[in-house]
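Worksheet: the structure to be examined is printed underneath.
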Amino acid sequence: MPDQTLSVSRSTRLSTVAMGVLLVIIVVMALAPWWAGRADLRLFGEIFLYLALASLWNLLAGYAGLVSVGQQAYVGLGGYVFFALTLLAGLHPLLAIALAPLIGALIAAPVATLIFRLRGAYFAIGTWVVAEVFRLTAAQVSALGGGSGISLPVSVVTTLASGRFLREALAYWLALGVAVVVIGAVFLFLRSRRGIALMAIRDNELAARSLGIDIWKTKFVVYLVTAGLTTLVGALIFLQKLRISPDAAFSPNDWTAFVIFIVVIGGIGTIEGSIIGTLIFFALRETLADLGTVYLIAMGLAAILIMLKAPSGLWGLVRGRRGLELFPISRRVRGLG
Amino acid sequence: MTEALLDIQRLDAFYGDFQALYGVGMQVNRGDVIAVIGANGAGKTTLMRAVTGFLRARPDAVCWKGRPIGGMRVDQIAALGIALVPEGRLLFASLSVEENLMIGGQLKRKGPWSLKRIYDLFPVLEERRNAPATSLSGGQQQMVAIGRALMSNPELIMMDEISLGLAPVIIRSIYEALPGIIGEGLTAIVVEQDIAKALSVSSRVYCLQEGRVSLTGPSGKVSHDEISRAYFGI
Amino acid sequence: MEFWLEPIIQGILLGGLYALFAAGLSLIFGVMRLVNIAHGDLIVLSSYVALTTSVMLGLHPLAAALIVVPVMALAGYGLQRLLLNRTMGNDILPPLLVTFGLSVIIQNALLTFYSADPQKLKAGAIETASLGIGPVSVGVLPLIVFMTAVLVIGLLQWMFYHTALGRAFRATSDRQDIVQLMGINRAHIFALAMALALAVTALAGVFLGIRTSFDPAAGGSRLIFGFEAVIIGGLGNIWGTLAGGVILGVAQTLGAKIDPGFQVQAGHLVFLIILAVRPRGLFPRID
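In order, the protein sequence lines correspond to chains A, B and C. Numbered according to the numbering used here, the first sequence spans residues 221 to 557. Numbered according to the numbering used here, the second sequence spans residues 1395 to 1628. Numbered according to the numbering used here, the third sequence spans residues 21 to 307.
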């Protein structure tokens, strides 16, 4: 053997440092109820929920090639499941939240078998039809306020925790927790065999098929996991809002348009992109939201420009050709040259 | 010295980061029949794709009647009078035989070729004129592909592997039609795996090997040994 | 019997409008495999352009269509050449996300200029005129819309199969690369297809604005109705699109007869059922 040794590893010095920094950030953010004001805490919670939604949409569209414009179906479903289980079935809110992802995945299974018959862009519109069906169905449930919606009664709210501080802290921790769980799950999934298969499919469907990868099944699993976790996020969103209506729960703007902007601007197909996109989205929203429609027009223009000029988004520009990764997914060969 | 009809000089071509042609040169004069031979992957089809504009080329790497045409759009290059019979025929499946021929004539360049002339050359096509083009046999489809290229009344016709996948008897009948085509003062580049066939129809031969011209000479004068060396690089 | 006959006839006529929503979508998908998420917003944009031209020039909305149709066709040509052609390729993400961004831009631009208040095109007596055919009375306007849809689809079909442009559209649909060897500029063909699609869309927008009130957010459901008509009818079949529109229209009016809140849902359910039992639609192109 020559004195040169080759080894394959995933982590780089950069990614190791990044993981350390991330851990510190998570700990600091977990302590936020003690150092942040009420309004800030709400904002942080919202940021984490959007981060989770963006990461999930990115997994679906950026990795699995399943471009959905109807993920509001599962956000709204999560909200309604949470309200139904607590309000109608009388379950403890935490139990309702724990059940939400299972119910979401259960409902997503027949939905997937149906809309997977639509190819590519038609699949996208198919997901929107499903969201509309969910919305119209929710509007028919008079026990949950029908078309005008309903608020969570104080009696249910207080079962979560007695004091306001603890209640708000709990809602916040759940949001932080779901963001960490979702990003962690996406990260681990992409490092798994199935995740590698997914990236192979994205890069070349024909080649992946010839390698014996069951494309339908792989995409089906991703759709179910994404739907389940999106339902969980939806439950947490309406735990924060404490009020639900079909239009708010199944809003294509709030739960899909913004999420797509986040992922496209940050960089589709990377975990880092969703994080950067979420931060930029909230930075812009907090400073420019007063502009209303002009702000949304600017978002639309930005998304178009990025798609045309820098399709890998802002993280793609930072990452450059050297393939920087904060989340070590790719394997690298060391010792060459 | 007369100006070449098609003058290829130091042509490089790339698929992404992969370089497929290295400094290829070729002179085609009016009335020439050029054979391009070479093993699979030698760059023959790449050369066709670069001349027709599917692959980006340096402007002066491809000159047409002295004018640089490298980097022009495919349809602009076609409008100059350069036609390609692509490898694998690639007919339009939702068009009938006659529509395939007519769309070939969409450019409306003046010249001897018309639907009637194509049907005289390949009578079987007239019988099947209203059939979907891809419902024909392989040999008949090849006739449609050649007819489609001729319908534009090109000055240069390039034929990429027209005998690929066809029965020998069909290949013979297509090659028998070739003199009738080229006799019209047409210039042709014939890409062919079958070396004997290529040499028999051409006046000059170019052999490609790994993206470079490994041999060129008058078709009648290159020896068997020279060709096998140029072909396989042994 | 008559109780059901009336909504069925209304549904058939409503299907004409849906077929007009669908025809543009079907055309651009057929020629260039592009699905335009902003399609519904372009329909609504056409309604607003018709509103402005008819108010400013004092024209009847149907006369305004003579201006709206060429304006939208021109806009379609420009949109394709300047923007959408840059997104065409093997990856479906860029066209999808760019038209999605376009949808958001159009909606919010309409909100800025016209506010969220519902608007309507005022067409006068024709809006309420009706014909008695046997036991049922049929609105003149829905009848005009339906006849126009049949005419438009007939013309599109003729154009596709009997003109040089139609031949170029079909050839481009078959082989986007090889068609260029015929001296055909693909970018121009794509733009012509989009121009034609938006001309039909403009017509749909004018009729939509006369039949019902519209607001900047109305585009989404128009896209969905058009899309459902395309899939029910079968991809690549222009007459199938009309059939799809009619089936969707009848499903909706019958649904509304059962319960007014069930109109749209009934259409969605019929779409999902057809997707489940006939995933290629009722009348797919045979090839």
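No residue lacks a Cβ here, since even glycine has one placed at the ideal position from N, Cα and C.
Paired residues, beta bridge with residue i - DSSP
{"i": "A1582 (chain B)", "result": "B:V1427 and B:I1551"}
{"i": "Q1603 (chain B)", "result": "B:R1606"}
{"i": "V158 (chain C)", "result": "C:L151"}
{"i": "V270 (chain C)", "result": "None, per the DSSP bridge assignment."}
{"i": "Q139 (chain C)", "result": "C:F234"}
{"i": "D1401 (chain B)", "result": "B:Q1421 and B:C1457"}
{"i": "R1542 (chain B)", "result": "According to DSSP, R1542 (chain B) bridges with nothing at all."}
{"i": "G98 (chain C)", "result": "Answer is none; G98 (chain C) lacks a bridge partner."}
{"i": "A1407 (chain B)", "result": "B:L1415"}
{"i": "R463 (chain A)", "result": "A:S371"}
8 Å Cβ cutoff, residue i in contact with chain A
{"i": "E147 (chain C)", "result": "no"}
{"i": "D307 (chain C)", "result": "No answer about D307 (chain C) holds up, because its pLDDT of 45 lies below 50 and its placement is not dependable."}
{"i": "A129 (chain C)", "result": "yes"}
{"i": "A296 (chain C)", "result": "yes"}
{"i": "G121 (chain C)", "result": "yes"}
{"i": "R101 (chain C)", "result": "no"}
{"i": "R106 (chain C)", "result": "yes"}
{"i": "F227 (chain C)", "result": "no"}
{"i": "A260 (chain C)", "result": "Residue 260 (chain C) is actually Gly in this sequence, not Ala. So no, G260 (chain C) is outside the interface."}
Limits of the alpha helix (DSSP H) - the one that residue i falls within
{"i": "P1573 (chain B)", "result": "P1562 to I1576"}
{"i": "D198 (chain C)", "result": "As written in the sequence, residue 198 (chain C) is Ile, which differs from the Asp given in the question. Note, I198 (chain C): premise wrong, no alpha helix (DSSP H); not H, not E."}
{"i": "Y270 (chain A)", "result": "R258 to W277"}
{"i": "V484 (chain A)", "result": "F478 to G486"}
{"i": "V1418 (chain B)", "result": "Not the alpha helix (DSSP H): V1418 (chain B) falls in the beta strand (DSSP E), residues F1412 to V1422."}
{"i": "Q127 (chain C)", "result": "L113 to Y134"}
{"i": "S66 (chain C)", "result": "H59 to L77"}
{"i": "D175 (chain A)", "result": "There is no way to answer for residue 175 (chain A), as the model of chain A reaches only from 221 to 557."}
{"i": "S375 (chain A)", "result": "V374 to L380"}
{"i": "G301 (chain C)", "result": "That residue, G301 (chain C), is in no alpha helix (DSSP H); it is neither H nor E in DSSP."}
{"i": "T357 (chain A)", "result": "G340 to Q360"}
Run of the beta strand (DSSP E) containing residue i, from where it starts to where it stops
{"i": "A1345 (chain B)", "result": "What is shown of chain B runs 1395 to 1628, which leaves residue 1345 (chain B) out entirely."}
{"i": "D279 (chain C)", "result": "Element bounds for D279 (chain C): n/a, residue is neither H nor E."}
is_contact[residue i, chain C] using C-beta, thresh 8 Å
{"i": "T438 (chain A)", "result": "no"}
{"i": "Q291 (chain A)", "result": "no"}
{"i": "I1497 (chain B)", "result": "yes"}
{"i": "V247 (chain A)", "result": "no"}
{"i": "Q460 (chain A)", "result": "no"}
{"i": "Y294 (chain A)", "result": "no"}
{"i": "M1395 (chain B)", "result": "Low local confidence applies: a pLDDT of 47 at M1395 (chain B) is under 50, so the model's placement there is unreliable, with the coordinate-based value given in what follows. Answer no: the Cβ-Cβ gap between M1395 (chain B) and chain C never drops below 8 Å."}
{"i": "I500 (chain A)", "result": "no"}
{"i": "R1461 (chain B)", "result": "no"}
{"i": "R1404 (chain B)", "result": "no"}
{"i": "L537 (chain A)", "result": "no"}
{"i": "D1401 (chain B)", "result": "no"}
{"i": "W277 (chain A)", "result": "no"}
Any chain B beta carbon closer than 8 Å to residue i
{"i": "W194 (chain C)", "result": "For the record, residue 194 (chain C) in the displayed sequence is Asp; it is not Trp. True, the Cβ-Cβ gap to chain B drops below 8 Å."}
{"i": "I48 (chain C)", "result": "no"}
{"i": "Q200 (chain C)", "result": "yes"}
{"i": "D308 (chain C)", "result": "Residue 308 (chain C) is absent from the model: chain C starts at 21 and stops at 307."}
{"i": "A317 (chain C)", "result": "As displayed, chain C neither begins before 21 nor continues past 307, which places residue 317 (chain C) out of reach and without an answer."}
Near the ligand SAM: residue i beta-carbon under 7 Å from a heavy atom
{"i": "N105 (chain C)", "result": "Ligands are entirely absent from the displayed structure, and the ligand SAM is therefore not among its contents."}
Partners in chain D for residue i, counting only beta-carbon separations shorter than 7 Å
{"i": "I480 (chain A)", "result": "Here chain D cannot be found, since the structure's protein chains are A, B and C."}
Review point. Are the region 307-319 of chain A and the region 256-270 of chain A touching by the rule of at least three beta carbon pairs closer than 8 Å?
Key: no
Point to revise | Selection of the region 174-189 of chain C by Cβ proximity to chain B, strictly under 8 Å | key: A184, R187 and A188
Practice item. Could you say if the region 35-54 of chain C and the region 1456-1473 of chain B meet the contact criterion of at least three C-beta pairs nearer than 8 Å? Key: no
Exercise for review: Residues of the region 64-83 of chain C with a CB closer than 8 Å to any CB of chain A: list them in chain order, please.
Suggested key: none
Exercise for review: Check distances from the C-beta atoms of the region 204-220 of chain C to those of chain B and list, in chain order, the residues that come in under 9 Å.
Suggested key: I204, N205, R206, A207 and H208
**Study point:** Contact between the region 1431-1442 of chain B and the region 173-189 of chain C (3+ Cβ pairs under 8 Å)
**Key:** no
Review point. Is the region 257-268 of chain C in contact with the region 290-304 of chain C, if contact means three or more CB pairs nearer than 8 Å?
Key: yes
Point to revise | Cβ contact (3+ pairs, closer than 8 Å) linking the region 217-233 of chain C and the region 1596-1611 of chain B | key: no
Point to revise | Inter-stretch contact (C-beta, 8 Å, three-pair minimum) for the region 206-221 of chain C and the region 1514-1525 of chain B | key: no
Review point. Given 8 Å as the limit, is there contact between the region 1500-1507 of chain B and the region 1528-1539 of chain B, that is, 3 or more CB pairs closer than that?
Key: no
Check your understanding: Are the region 273-289 of chain A and the region 446-455 of chain A touching by the rule of at least three beta carbon pairs closer than 8 Å?
Key -> yes
Point to revise | Given 8 Å, three or more beta-carbon pairs between the region 455-474 of chain A and the region 112-119 of chain C | key: no
Check your understanding: So does the region 166-174 of chain C actually touch the region 22-37 of chain C, counting three or more Cβ pairs closer than 8 Å?
Key -> yes
Check your understanding: Mind listing which residues of the region 318-342 of chain A have their C-beta closer than 8 Å to chain C's C-betas, in chain order?
Key -> L334, I335, R337, L338, G340, A341 and Y342
Exercise for review: Determine which residues of the region 520-531 of chain A have a Cβ less than 7 Å from any Cβ of chain C, and write them out in chain order.
Suggested key: G520, L521, A523, I524, M527, L528 and P531
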